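Report on one structure; see the data block that follows.
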Amino acid sequence: LKHSNSLGVLITTLAQRDRKVKPLTAYTLPAEVEQLKDNCIRISITEGRNRQIRKMMEALGYEVIELHRTGVMGIGLDGLSEGKWIPLTAEEMAYVEDAFD
Numbered sequence: 012l013k014h015s016n017s018l019g020v021l022i023t024t025l026a027q028r029d030r031k032v033k034p035l036t037a038y039t040l041p042a043e044v045e046q047l048k049d050n051c052i053r054i055s056i057t058e059g060r061n062r063q064i065r066k067m068m069e070a071l072g073y074e075v076i077e078l079h080r081t082g083v084m085g086i087g088l089d090g091l092s093e094g095k096w097i098p099l100t101a102e103e104m105a106y107v108e109d110a111f112d
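Be aware that the sequence shown starts at 12, since it is given in the working numbering, and climbs by one per residue.
Spelled out as structure tokens, the structure:
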């Protein structure tokens, strides 16, 4: 079962600007949700606000027990242990640089 919401979910996060932190209440961008098992879903988001997944699920009446990031900016994290890192490939670095241009 896959579902994509077109409105997002209204959540409050902390926004930091000019060394000031203030609450920001706004709708998230749409997310794609896929049910993998009775108690397991995959959520694909295009933004990464502070604790966004947990707050989205809470707003819908669910509790997040475990949360696993599978990729960032289209770069997969398969085989990478928690707390570890590896250098980006030239192709991955070019992708990241393009995103910030």
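Where is the CB? At the ideal position from N, CA and C, for every residue including glycine.
Small disclaimer: the values here were computed from a predicted structure and weren't measured.
- Counting only residues of its own chain and dropping the five nearest sequence neighbours on each side, I64 has a CB closer than 8 Å to the CB of I54, I56, V75, L78.
- In the DSSP assignment, K66 falls within the alpha helix (DSSP H) that extends over 63 to 70.
- Here T36 is bridged, per DSSP, to T23.
- Around the beta carbon of I22, a 10 Å sphere encloses 16 or more other beta carbons of the protein chains shown; the residue is thus reported as buried.
- In chain order, T24, A26 place their CB closer than 6 Å to the CB of L35, counting only its own chain and leaving out the 5 sequence neighbours on each side.
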